[in-house]
Amino acid sequence: MRMYDLITEKKNGRELTGEEIKWFVRGVTEGEIPDAQTAALLMAICLRGMNEREASDLTEAMLRSGEVADLSAIPGKKADKHSTGGVGDSTTPVVVAAVAACGLKVAKMSGRALGHTGGTVDKFESLPGFRSDLSPREFADVVNRVGAAVIAQTGTLCPADKKLYALRDQTGTVDNVALIASSIMSKKLASGADVIMLDVKYGSGAFIKDPEEALELARLMVRIGERAGRSVGALVTSMDAPLGRAVGNLLEMYEASDILHGNADPEKLLVCRTLAADLLFLAGMGTKEACGERIDRAIASGQAFEKLCEMIRAQGGDPAMLRDPGRRIYAPFRREVRAPEDCPGYLVRMDTERIGICAGILGEARKNPEDKVDHTAGLLIRKKTGDRVSPGDVLCELHTSDPSLLDEAERLYRSALAFGGRPARRLPILFASVGPNGSVSRF
Numbered sequence: 002m003r004m005y006d007l008i009t010e011k012k013n014g015r016e017l018t019g020e021e022i023k024w025f026v027r028g029v030t031e032g033e034i035p036d037a038q039t040a041a042l043l044m045a046i047c048l049r050g051m052n053e054r055e056a057s058d059l060t061e062a063m064l065r066s067g068e069v070a071d072l073s074a075i076p077g078k079k080a081d082k083h084s085t086g087g088v089g090d091s092t093t094p095v096v097v098a099a100v101a102a103c104g105l106k107v108a109k110m111s112g113r114a115l116g117h118t119g120g121t122v123d124k125f126e127s128l129p130g131f132r133s134d135l136s137p138r139e140f141a142d143v144v145n146r147v148g149a150a151v152i153a154q155t156g157t158l159c160p161a162d163k164k165l166y167a168l169r170d171q172t173g174t175v176d177n178v179a180l181i182a183s184s185i186m187s188k189k190l191a192s193g194a195d196v197i198m199l200d201v202k203y204g205s206g207a208f209i210k211d212p213e214e215a216l217e218l219a220r221l222m223v224r225i226g227e228r229a230g231r232s233v234g235a236l237v238t239s240m241d242a243p244l245g246r247a248v249g250n251l252l253e254m255y256e257a258s259d260i261l262h263g264n265a266d267p268e269k270l271l272v273c274r275t276l277a278a279d280l281l282f283l284a285g286m287g288t289k290e291a292c293g294e295r296i297d298r299a300i301a302s303g304q305a306f307e308k309l310c311e312m313i314r315a316q317g318g319d320p321a322m323l324r325d326p327g328r329r330i331y332a333p334f335r336r337e338v339r340a341p342e343d344c345p346g347y348l349v350r351m352d353t354e355r356i357g358i359c360a361g362i363l364g365e366a367r368k369n370p371e372d373k374v375d376h377t378a379g380l381l382i383r384k385k386t387g388d389r390v391s392p393g394d395v396l397c398e399l400h401t402s403d404p405s406l407l408d409e410a411e412r413l414y415r416s417a418l419a420f421g422g423r424p425a426r427r428l429p430i431l432f433a434s435v436g437p438n439g440s441v442s443r444f
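So in the working numbering, spot 76 of the sequence shown is number 77, and the numbers just go up one at a time.
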């Protein structure tokens, strides 16, 4: 085979065969194909697209380019959930705890923050002593004893995806549904879970802005997972405003604890409950209605919170700050951002990506993989889109360990907001769900 031929054929709209895709991915992984030719094929894919079979073959080839997690030491079904990324999107602690409290094992591999979206591993590591670097044997032991564990993805999973994503980022070929789907699903399938629930975001704080495009991505990922023999579902949710009120590692862990204690932002609770109930349903643990009721009982009884604390302790962490609000620690420097004196009455828009970048400026995220994060940094949001705002009202509270960052962060936060004289109409937080064979239910 020759790359020249693959590029030409895809440029002319022809499907690539499974063997051609395997050959391409193997050549990328082994460094045998020049970056220029790889970039050319990626651009041709962006322009001409890939069908479901091609996207599945690309996923499988990237999955097989590195190690695949062996979860055979964990008997029974293993569940995982994945979000395509957002701001204040700390659903994992709640969902994992509630699902495990209902008896479904969760073996989750997660990433770290990079760019404007937070990382699940960073959130858990904000708790003293928490270890995300468990060995495979330790990982299996915690899941078997406790029912859940969350660890960092290893660098040996899907090396082809790392190389392809770096080139996509450099060449403007990131925003293609087939390439996005194969990138996400290759890592999820390599993580080894039998049951996978996807939270696909759209809006100003998500990579995909349009809900219909997010739904297309969700359907494709579900079908790719089913082709690989997994039980997969998806929820399409809005990220036109931060999810919940907390943005930042420790702040979001505190908010997760509050949700499990019954003190929840309604929208965040709705997303968490739906994801958790759908995971139980995918695992065959009852009807959707019955699974929702089981999740409600697990949260209301305190079993879900106790399961979260048990998992944190099993991974070396101390959940004391979650159990006792009086022991919570906060950033040493905080600033209230207040509404202007000429505020016309309502907050009508939030540029959620800018708000995520604002949290990064304060120290919550990293620009490079080796950067350290300030676990206490972030924002507590007091007003969201649609809220009535009077002059001088507190819009948010900025948190950081470096006071020199506050002025820049405040300027950026203010630039992310728009005010108006009438309340804005917000789309519902839940847009659609995707079930077996890509079937769609709209909310």
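No residue lacks a Cβ here, since even glycine has one placed at the ideal position from N, Cα and C.
Just so it is clear, the structure is predicted and the values come from calculations on it, not from any experiment.
- Item | Endpoints, beta strand (DSSP E) assigned at N329 | What you label residue 329 is simply residue 328 of the sequence shown in a count that begins at 1. For the sequence presented, residue 329 should be read as Arg rather than Asn. Careful: R329 lies outside any beta strand (DSSP E) and carries neither H nor E.
- Query: If you draw a straight line from the alpha carbon of E342 to that of R412, how long is it in whole angstroms?
  - Reply: One-based indexing of the sequence shown puts residue 342 at position 341. One-based indexing of the sequence shown puts residue 412 at position 411. When rounded, the distance between both Cα atoms is 16 Å.
- Per DSSP, what kind of secondary structure is E337 in: helix, strand or coil? Within the sequence shown, residue 337 is the residue found at index 336, counting from 1. E337: strand per DSSP, three-state reduction.
- Specify whether the region 136 to 150 and the region 184 to 197 touch according to this definition: at least 3 beta carbon pairs, one from each stretch, less than 8 Å apart. no
- Task: Can you tell me the Cβ-Cβ gap for F420 and V390, rounded? I've got them flagged as a contact below 8 Å.
- Result: For the purposes of this step, residue 420 is identified with residue 419 of the sequence shown, where counting begins at 1. For the purposes of this step, residue 390 is identified with residue 389 of the sequence shown, where counting begins at 1. Rounded, the Cβ-Cβ distance is 7 Å, consistent with contact.
- Between the C-alpha atoms of G285 and G436, what's the straight-line distance to the nearest angstrom? Translated into the one-based positions of the sequence shown, residue 285 becomes position 284. Translated into the one-based positions of the sequence shown, residue 436 becomes position 435. Going from the Cα of G285 to the Cα of G436 covers about 13 Å.
- Item | Straight-line gap, K11 to L42 (C-alpha atoms, nearest Å) | For the purposes of this step, residue 11 is taken as residue 10 along the sequence shown, with counting starting at 1. For the purposes of this step, residue 42 is taken as residue 41 along the sequence shown, with counting starting at 1. C-alpha separation (whole angstroms): 7 Å.
- Query: Any idea if E365 is buried or exposed, counting beta-carbon neighbours within 10 angstroms, 16 or more meaning buried?
  - Reply: Position 364 of the sequence shown, counted from the first residue, corresponds to residue 365. With 16 or more Cβ atoms within 10 Å of its Cβ, E365 is classed as buried.
- In terms of alpha-carbon separation, which member of Y347, T172, I330 and L309 lies closest to K106? Translated into positions along the sequence shown, residue 106 becomes position 105. Minimum Cα distance to K106 is reached at L309.
- Message: Is G148 close to the ligand GTP? I mean its beta-carbon at under 8 Å from any heavy atom of the ligand.
- Response: For the ligand GTP, the structure offers nothing, since it holds no ligand at all.
- Task: Would you tell me roughly how many angstroms separate the C-alpha atoms of L17 and F131, rounded to the nearest one?
- Result: On the sequence shown, position 16 is the one that residue 17 refers to. On the sequence shown, position 130 is the one that residue 131 refers to. Between L17 and F131, the C-alpha separation is close to 45 Å.
- Whole angstroms is fine: what's the gap from D394's alpha carbon to S66's? The residue you call residue 394 lines up with position 393 of the sequence shown. The residue you call residue 66 lines up with position 65 of the sequence shown. About 53 Å.
- Query: Looking only at C-alpha atoms, which of L283, A277 and F306 sits nearest to I294?
  - Reply: Position 293 of the sequence shown, counted from the start, is the residue given in the question as residue 294. Before going further, note that residue 294 is Glu rather than Ile in the sequence given. When each option's Cα is compared against that of E294, the closest is A277.
- In the region 344 to 373, which residue ranges form an unbroken beta strand (DSSP E) of at least 3 residues, counting only runs that do not cross its ends? 347 to 351
- Task: Specify, as a first and last residue, the run of the beta strand (DSSP E) that A235 falls within.
- Result: Taking the sequence shown and counting its residues from 1, the one referred to as residue 235 is at position 234. Counting along the chain, the beta strand (DSSP E) containing A235 begins and ends at S232 to S239.
- Check whether the Cβ atoms of I209 and D176 sit closer than 9 Å, and answer yes or no. Looking up residue 209 in the sequence shown gives position 208. Looking up residue 176 in the sequence shown gives position 175. Less than 9 Å separates the beta-carbon of I209 from that of D176.
- Start and end of the beta strand (DSSP E) containing E1? Given that the chain is displayed from residue 2 to residue 444, the structure contains no residue 1 and the question cannot be resolved.
- Message: Using C-beta distances below 7 Å, list every residue in its chain close to G204, excluding the 5 sequence neighbours before and after it, in chain order.
- Response: Against the sequence shown, residue 204 aligns to sequence position 203. Once the five neighbours on either side are set aside, the close Cβ partners of G204 are K210, S239, M240, D241 and T353.
- Given 8 Å, three or more beta-carbon pairs between the region 300 to 316 and the region 245 to 264: yes
- Message: According to DSSP, is A425 part of a helix, a strand, or is it coil?
- Response: Here the question's residue 425 lines up with position 424 in the sequence shown. DSSP places A425 in coil when its eight states are reduced to three.
- Query: Under the rule that 16 or more other beta-carbon atoms within 10 Å means buried, what is K1, buried or exposed?
  - Reply: Any answer about residue 1 is impossible in this case: the structure gives the chain only from 2 up to 444.
- Below 7 Å CB to CB, which residues in the same chain sit around Y166 once its five sequence neighbours on both sides are set aside? Position 165 of the sequence shown, counted from the first residue, corresponds to residue 166. So the qualifying residues of the chain are S184.
- Assuming Y414 and V338 make a contact with CB atoms under 8 Å, what is their CB distance in whole Å? If you number the sequence shown from 1, residue 414 lands on position 413. If you number the sequence shown from 1, residue 338 lands on position 337. About 6 Å separates the two Cβ atoms, so the contact holds.
- Does DSSP put V441 in a helix, in a strand, or in coil? Here residue 441 corresponds to residue number 440 of the sequence shown, with the count starting at 1. The answer is strand: DSSP assigns V441 an E or B state.
- Query: Is it buried or exposed for S133, if we count other Cβ within 10 angstroms and need 16 for buried?
  - Reply: Reading the sequence shown from its first residue, position 132 is the one you call residue 133. With 16 or more Cβ atoms within 10 Å of its Cβ, S133 is classed as buried.
- Considering only residues of the same chain and omitting the five flanking positions on each side of R324, which have a CB-CB separation below 7 Å? The residue you call residue 324 lines up with position 323 of the sequence shown. Within the same chain, R324 has close Cβ partners C310.
- Query: Rounded to a whole number of angstroms, what is the C-alpha to C-alpha distance between R383 and T93?
  - Reply: Translated into the one-based positions of the sequence shown, residue 383 becomes position 382. Translated into the one-based positions of the sequence shown, residue 93 becomes position 92. Approximately 23 Å, taken between the alpha carbons.
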